[in-house]
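Since the structure comes first, as C-alpha coordinates, the remarks are kept for the end.
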Amino acid sequence: MKVKHFLFSQVVLAQDLPEYNLKRGDLATIVEHYPMPEEEEDGYSLEGFDVPQVTIEVTASQIIPIAQWHREEMILGKLRQLSEAKLLQLEDFLDFLWQKDKVEQKNI
20 MKVKHFLFSQ
30 VVLAQDLPEY
40 NLKRGDLATI
50 VEHYPMPEEE
60 EDGYSLEGFD
70 VPQVTIEVTA
80 SQIIPIAQWH
90 REEMILGKLR
100 QLSEAKLLQL
110 EDFLDFLWQK
120 DKVEQKNI
(Lines of atoms letter the chains of each structure in order from A and count residues from 1; the text may use other names and numbers.)
(Lines give C-alpha, C1' and ligand atoms only; values in the text may rest on other atoms or scores of the structure.)
Protein backbone atom coordinates (compact mmCIF):
# COMPACT_ATOMS: atom_id res chain seq x y z
CA MET A 1 0.00 0.00 0.00
CA LYS A 2 1.28 3.44 -0.93
CA VAL A 3 1.95 6.13 1.64
CA LYS A 4 0.06 9.29 0.77
CA HIS A 5 1.11 12.67 2.04
CA PHE A 6 -1.51 15.41 2.13
CA LEU A 7 -1.26 18.74 0.35
CA PHE A 8 0.16 21.55 2.47
CA SER A 9 1.40 19.13 5.13
CA GLN A 10 4.93 19.56 6.37
CA VAL A 11 7.42 16.78 5.72
CA VAL A 12 11.10 16.15 6.24
CA LEU A 13 13.63 14.97 3.67
CA ALA A 14 14.53 11.33 4.29
CA GLN A 15 17.83 11.69 2.41
CA ASP A 16 20.30 14.30 1.23
CA LEU A 17 19.57 15.98 -2.10
CA PRO A 18 23.02 17.31 -3.04
CA GLU A 19 21.84 18.68 -6.39
CA TYR A 20 19.74 21.18 -4.40
CA ASN A 21 22.19 21.53 -1.49
CA LEU A 22 19.53 20.07 0.84
CA LYS A 23 20.14 17.67 3.72
CA ARG A 24 18.27 14.84 5.40
CA GLY A 25 16.03 16.42 8.01
CA ASP A 26 15.33 19.64 6.10
CA LEU A 27 11.70 20.72 6.49
CA ALA A 28 9.36 21.53 3.58
CA THR A 29 5.69 21.88 2.68
CA ILE A 30 3.94 19.75 0.06
CA VAL A 31 2.39 22.02 -2.58
CA GLU A 32 1.50 19.45 -5.26
CA HIS A 33 0.84 15.70 -5.50
CA TYR A 34 1.42 13.63 -8.65
CA PRO A 35 -0.40 10.28 -8.35
CA MET A 36 1.22 7.42 -10.24
CA PRO A 37 0.12 3.87 -11.11
CA GLU A 38 0.32 1.37 -8.25
CA GLU A 39 3.71 -0.03 -9.32
CA GLU A 40 5.34 3.43 -9.32
CA GLU A 41 6.02 5.95 -6.57
CA ASP A 42 3.88 9.06 -6.32
CA GLY A 43 5.64 12.37 -6.81
CA TYR A 44 5.43 15.58 -4.79
CA SER A 45 6.42 19.21 -5.23
CA LEU A 46 7.94 20.77 -2.12
CA GLU A 47 8.53 24.35 -1.08
CA GLY A 48 10.09 25.88 1.98
CA PHE A 49 13.67 24.98 2.83
CA ASP A 50 14.30 28.60 3.86
CA VAL A 51 14.74 29.36 0.15
CA PRO A 52 11.98 31.61 -1.25
CA GLN A 53 10.37 30.74 -4.59
CA VAL A 54 12.16 27.41 -4.98
CA THR A 55 10.10 24.29 -5.71
CA ILE A 56 11.62 20.83 -6.01
CA GLU A 57 10.11 17.52 -7.07
CA VAL A 58 10.66 14.34 -5.07
CA THR A 59 9.29 10.82 -4.86
CA ALA A 60 7.31 9.57 -1.88
CA SER A 61 10.28 7.59 -0.53
CA GLN A 62 12.37 10.78 -0.29
CA ILE A 63 10.11 12.38 2.34
CA ILE A 64 8.65 11.38 5.70
CA PRO A 65 6.07 12.93 8.02
CA ILE A 66 7.45 15.15 10.79
CA ALA A 67 6.07 12.86 13.53
CA GLN A 68 7.94 9.88 12.05
CA TRP A 69 11.13 11.97 11.82
CA HIS A 70 10.89 12.93 15.50
CA ARG A 71 10.27 9.31 16.51
CA GLU A 72 13.27 8.10 14.49
CA GLU A 73 15.50 10.80 15.99
CA MET A 74 14.40 9.78 19.50
CA ILE A 75 15.18 6.13 18.74
CA LEU A 76 18.59 7.05 17.29
CA GLY A 77 19.39 9.05 20.41
CA LYS A 78 18.74 5.99 22.57
CA LEU A 79 20.65 3.77 20.16
CA ARG A 80 23.76 5.93 20.43
CA GLN A 81 23.80 5.37 24.20
CA LEU A 82 23.86 1.56 24.03
CA SER A 83 26.94 -0.53 24.73
CA GLU A 84 28.54 -2.51 21.90
CA ALA A 85 27.14 -5.77 23.32
CA LYS A 86 23.60 -4.37 23.42
CA LEU A 87 24.00 -3.01 19.88
CA LEU A 88 24.84 -6.50 18.63
CA GLN A 89 21.81 -7.96 20.42
CA LEU A 90 19.62 -5.24 18.98
CA GLU A 91 20.94 -5.86 15.47
CA ASP A 92 20.09 -9.57 15.75
CA PHE A 93 16.61 -8.75 17.02
CA LEU A 94 16.02 -6.23 14.22
CA ASP A 95 17.09 -8.83 11.63
CA PHE A 96 14.59 -11.26 13.18
CA LEU A 97 11.77 -8.69 13.05
CA TRP A 98 12.66 -7.69 9.49
CA GLN A 99 12.55 -11.32 8.29
CA LYS A 100 9.27 -11.92 10.13
CA ASP A 101 7.75 -8.82 8.53
CA LYS A 102 8.82 -9.96 5.05
CA VAL A 103 7.14 -13.35 5.58
CA GLU A 104 3.95 -11.77 6.92
CA GLN A 105 3.77 -9.38 3.95
CA LYS A 106 4.15 -12.29 1.52
CA ASN A 107 1.22 -14.06 3.16
CA ILE A 108 -1.11 -11.09 2.76
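Numbering-wise (this note's numbering), the sequence shown opens with residue 20 and increments by one.
Ideal Cβ placement from N, Cα and C applies to all residues, glycine included.
Owing to the predicted nature of the structure, the values given are computational and were not obtained by experimental measurement.
Answer yes or no: do residue i and residue j have a C-beta to C-beta separation smaller than 7 Å?
i          : j          : result
residue 60 : residue 28 : no
residue 66 : residue 48 : yes
residue 94 : residue 33 : no
residue 39 : residue 85 : no
Assuming the contact rule is C-beta atoms closer than 8 Å, residue i and residue j should be a hit. Round their C-beta distance to whole Å, please.
i          : j          : result
residue 35 : residue 26 : Between residue 26 and residue 35 the Cβ distance is about 25 Å, and since that is not below 8 Å, they are no contact.
residue 63 : residue 24 : 6 Å
In angstroms, rounded to a whole number, what distance separates the CA positions of residue i and residue j?
i           : j           : result
residue 44  : residue 31  : 5 Å
residue 21  : residue 54  : 10 Å
residue 124 : residue 118 : 10 Å
residue 114 : residue 91  : 18 Å
residue 56  : residue 121 : 23 Å
residue 96  : residue 69  : 26 Å
residue 116 : residue 37  : 33 Å
residue 112 : residue 105 : 10 Å
residue 127 : residue 87  : 25 Å
Near residue i, what residues of its chain come up, given a Cβ to Cβ distance below 6 Å and the 5 sequence neighbours on each side ignored?
i          : result
residue 73 : none
residue 50 : 64, 66
So, for residue i: in the same chain, excluding its five sequence neighbours on each side, which residues have a beta-carbon less than 8 Å away from its beta-carbon?
i           : result
residue 109 : 98, 101
Among residues of its own chain, excluding the 5 on either side of residue i, which ones have a beta-carbon nearer than 7 Å to its beta-carbon?
i          : result
residue 46 : 29, 31, 67
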